Each structure stands twice: as structure tokens, then as C-alpha cells.
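Novice: Got a structure for you, questions after.
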Amino acid sequence: MRIIDGKICAQQVKNQIAKEVAEIKAKGQRPPRLDIFLVGDRPDSLSYVHTKDKTCRALGMDSQLHLLPDTTTESELMVMIDECNRNDDVDAILIQLPLPDHYNSARVLDFIDYRKDADGLHLMNVGLLHLGEPYVMPCTPKGILSLLETNGIEVSGEHVVMIGRSQLVGEPTAQLLIHKNATVTLCHSRTKNLSEIAHLGDIVITAVGCPNLLQPYDFKQGAVLIDVAMNRVNGKLQGDVYSEETRPELEKRLRACTPVPGGVGPMTIAMLMQNVLDIYKLRMQNPS
Ligand code: NAP
Numbered sequence: 000m001r002i003i004d005g006k007i008c009a010q011q012v013k014n015q016i017a018k019e020v021a022e023i024k025a026k027g028q029r030p031p032r033l034d035i036f037l038v039g040d041r042p043d044s045l046s047y048v049h050t051k052d053k054t055c056r057a058l059g060m061d062s063q064l065h066l067l068p069d070t071t072t073e074s075e076l077m078v079m080i081d082e083c084n085r086n087d088d089v090d091a092i093l094i095q096l097p098l099p100d101h102y103n104s105a106r107v108l109d110f111i112d113y114r115k116d117a118d119g120l121h122l123m124n125v126g127l128l129h130l131g132e133p134y135v136m137p138c139t140p141k142g143i144l145s146l147l148e149t150n151g152i153e154v155s156g157e158h159v160v161m162i163g164r165s166q167l168v169g170e171p172t173a174q175l176l177i178h179k180n181a182t183v184t185l186c187h188s189r190t191k192n193l194s195e196i197a198h199l200g201d202i203v204i205t206a207v208g209c210p211n212l213l214q215p216y217d218f219k220q221g222a223v224l225i226d227v228a229m230n231r232v233n234g235k236l237q238g239d240v241y242s243e244e245t246r247p248e249l250e251k252r253l254r255a256c257t258p259v260p261g262g263v264g265p266m267t268i269a270m271l272m273q274n275v276l277d278i279y280k281l282r283m284q285n286p287s
């Protein structure tokens, strides 16, 4: 079984971004800039935004981190987003999710200028993705596709079983794969006979958040598993299927598999950085 190493793929993407940003700066142009908003002090969210901020800077791009108290109102946040929408020096905007309960997340996300939407979650970008003409792709689905491509795993004509239908991962991944000519079955919490369906998949992608969702024998011989989930069990990270315990049996069964950690996770942040650079380039070509 081939281990699909997300850390290596992500590093290659980041090296290329750093090279391009250095070339931009060498021409005397300003670097791409990302503005990140976090409302509240959830420790996991704080850690995510600091990693995004640090990675952005490490690649030579600008990053502005807006850490806002829980008491910030939706209208106050929108005023700040509006300032970023209007500021020509801001290329990309990211709202760290989840927002506190008193926010209407969809309304906030749709307030971002869709041409600056670093996460590709604006309604316009969701629509364009459905039409097969994405302007900005959501980071995790884009990372999954990139991992498959760079590891020589063909999706055209293959049966992909996508488990999980969230707006963040499952649904956009299914859309992307349909436009890459995969035959996609989209499963969710009401799906009956999940193991039987999984067994039909040439490629199975799990994005649920439920350890031991499937067992190694649920996969057909030679299948590919992309395990997106990050479940903390007894202090250790594991996927919906992949863990230190299941790996030996998975090795006998699968053609290729992403580990957890070190699979899809590192790609998500690399794709965010790629989105910031791509948005910058589009804005330079078509200044508003
Ligand atoms: P989510 O919004 O909670 O969605 C979970 C999905 O799983 C839902 O569509 C749900 O179905 C479905 N589901 C729940 N129980 C199921 C079951 N027993 N059988 C089949 N489907 C079931 O979660 P998410 O944001 O997509 O994240 C999913 C996982 O991926 C989490 O572990 C998260 O930490 C991880 N994640 C990882 C990355 C990364 O970069 N590696 C990025 C994002 C998320 P319904 O729609 O019917 O409720």
C-alpha cells in the first residue's frame, strides 16, 4: 500500500509559492496579503489562525490577524470586512469558523467580496463550483484533488464513494470530482448499508468525524482511501478509518491511503496559501 504523504505534497506546493512570491517582490511589487478574522477564543481556532498567519509570512506573503472578542457584534464584524473588501491592498479574507452561536455564518461569509474569498465558501463561489467554473476552490476539497493528482490516482471513470456531505468538505469534493468525470456516490448520516456502498468504491473518501466508521474489510481489494477526518482518541489523532491499529489490515487491502495525521491536513493549509496567491494574481490581471 502506498502512503499518500500530505506533508511532502504540501511542502512542494509551499516551495513553489515561496518562489513565486520572491519573484513578485524582486520586481518591486507588493506581496499578496491575507486578512484573517477570529471571533472568540476557542483554543483550536486560535491555534489554526496562528498557523495560517505564520505560514503566510513564512512564504513571504503579508498576513493581518484580527483577533476579536466574543462580544463583537455581527454588524461590527461586517464593518471590518467591508473595510477589507474596499482596501486594494487586501487580496484575500478568511473568517475562521465556527463563528459564535449568535452569528449567522452564511450571511457573514456572503458579505466578503467573492473575489477575495480565501476559503471559497461565498455563495457565488459555491455556485461557480457547481457549474464547473470555480473562481476560488474550498481548501480541503482542492487539497484532496491535488493529492490524488500528484500521486497519479486517476479519478475519471472511477467510482468515488464520498462519505460526508458538509458544505466545507463532502459536498464540494463531490462536485469537483463530478467535473473530473468520476462517478460519485454521496453518503451521509441517513445512508443505509454504508459498508456495502463503501465496498463498491474504487476511491473512498471519509469526512465524517467518527472513529471506526468502517473496517478494513469494508473496502474492496485495491481501493484507495482518503481519510479526511481528524478524531482525537485517547490523546491521539486518527481518521474515520485510519489509525495505528487499522493500518496493518489496511495495508493488505488498499492500493493507497492517506495517513492521519499527515495526509489531507497539511494540504488544506497549503491550498489556502495557493488560493491567496491565485487571488492576488487574478486581482493584478483584473484590477477593479
Ligand atoms: P460535519 O460538518 O460535521 O459533517 C459531517 C458529515 O458526516 C455530515 O454530512 C453527516 O451527515 C455525515 N455523517 C455523520 N454521521 C455519519 C454516519 N454514521 N455515516 C455516514 N455519514 C455520517 O464535518 P466536516 O466539517 O465535514 O468535517 C468532517 C471531518 O473532517 C471532521 O473530523 C473534521 O475534523 C475533519 N476535517 C479535516 C480537515 C483537514 O484538513 N484534514 C478539514 C476539514 C474537516 P448529515 O449531513 O446527514 O448530518
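Residue numbers (numbering that gives the first Met the number 0): 0 to 287. Each residue gets a CB set at the ideal place from its N, CA and C atoms; glycine is no exception. Please read all numbers here as calculations on a predicted model, not as lab measurements.
Given the structure, does L276 come close to the ligand NAP, in the sense that its CB is under 7 Å from one of the ligand's heavy atoms?
Specialist: Here residue 276 refers to the residue found at position 277 of the sequence shown. Every heavy atom of the ligand NAP is 7 Å or more from the Cβ of L276, so no.
Novice: Can you say whether I7 is buried or exposed, counting buried as having 16 or more other CB atoms within 10 angstroms of its CB?
Specialist: On the sequence shown, position 8 is the one that residue 7 refers to. So I7 ends up on the exposed side.
Novice: Any heavy atom of the ligand NAP closer than 7 Å to the beta-carbon of R32?
Specialist: One-based indexing of the sequence shown puts residue 32 at position 33. No, since every heavy atom of the ligand NAP falls outside the 7 Å radius drawn around the Cβ of R32.
Novice: Taking T72 as the reference, give the member of T149, S104, H198 and N84 with the closest Cα.
Specialist: One-based indexing of the sequence shown puts residue 72 at position 73. Closest option to T72, Cα to Cα, is S104.
Novice: Tell me whether the beta-carbon of D109 lies closer than 8 Å to the beta-carbon of L122.
Specialist: Here residue 109 is taken as the residue at index 110 of the sequence shown, counted from 1. Here residue 122 is taken as the residue at index 123 of the sequence shown, counted from 1. Yes. Within cutoff.
Novice: Just curious, the beta strand (DSSP E) that A228 is in, first and last residue?
Specialist: Numbered from its first residue, the sequence shown carries residue 228 at position 229. Counting along the chain, A228 falls outside any beta strand (DSSP E), and DSSP gives it neither H nor E.
Novice: Note down, one range per segment and in chain order, each beta strand (DSSP E) of at least 3 residues found wholly within the segment 136-209.
Specialist: Entirely contained in the segment 136-209, the beta strand (DSSP E) runs reaching 3 residues are, in chain order, 158-162, 182-186 and 202-205.
Novice: On the three-state DSSP scale, how would you describe F110?
Specialist: Taking the first residue of the sequence shown as position 1, residue 110 is located at position 111. Reduced to three states, the DSSP call for F110 is helix.
Novice: Can you name, in chain order, every residue of its own chain whose Cβ lies under 6 Å from the Cβ of M136, other than the five neighbours on each side?
Specialist: Residue 136 sits at position 137 when you count from the first residue of the sequence shown. Taken in chain order, the residues that qualify are G119.
Novice: Does the distance from the CB of I92 to the CB of V107 come in under 8 Å?
Specialist: Position 93 of the sequence shown, counted from the start, is the residue given in the question as residue 92. Position 108 of the sequence shown, counted from the start, is the residue given in the question as residue 107. No. Outside cutoff.
Novice: So does C8 have its beta carbon nearer than 7 Å to some heavy atom of the ligand NAP?
Specialist: Residue mapping note: residue 8 aligns to position 9 of the sequence shown, counting from 1. Checking every heavy atom of the ligand NAP against the Cβ of C8, none is found closer than 7 Å.
Novice: Can you give me the C-alpha to C-alpha distance between L249 and I196, rounded to a whole angstrom?
Specialist: Here residue 249 corresponds to residue number 250 of the sequence shown, with the count starting at 1. Here residue 196 corresponds to residue number 197 of the sequence shown, with the count starting at 1. Cα-Cα distance, rounded: 18 Å.
Novice: Since C256 sits in a beta bridge, which residues does DSSP pair it with?
Specialist: In the sequence shown, the residue the question calls residue 256 occupies position 257. Paired residues: I2 and L224.
Novice: Helix, strand or coil: which one does DSSP assign to H49?
Specialist: By one-based count along the sequence shown, residue 49 stands at place 50. In the structure shown, H49 sits in a helix (DSSP, three-state: H, G or I).
Novice: In three-state DSSP terms, what is L213?
Specialist: For the purposes of this step, residue 213 is taken as residue 214 along the sequence shown, with counting starting at 1. In this structure, L213 counts as coil in the three-state DSSP scheme.
Novice: Using 8 Å as the cut-off, can you tell me whether the segment 13-26 makes contact with the segment 53-73, which would need three or more C-beta pairs spanning the two stretches below that distance?
Specialist: Yes, they touch.
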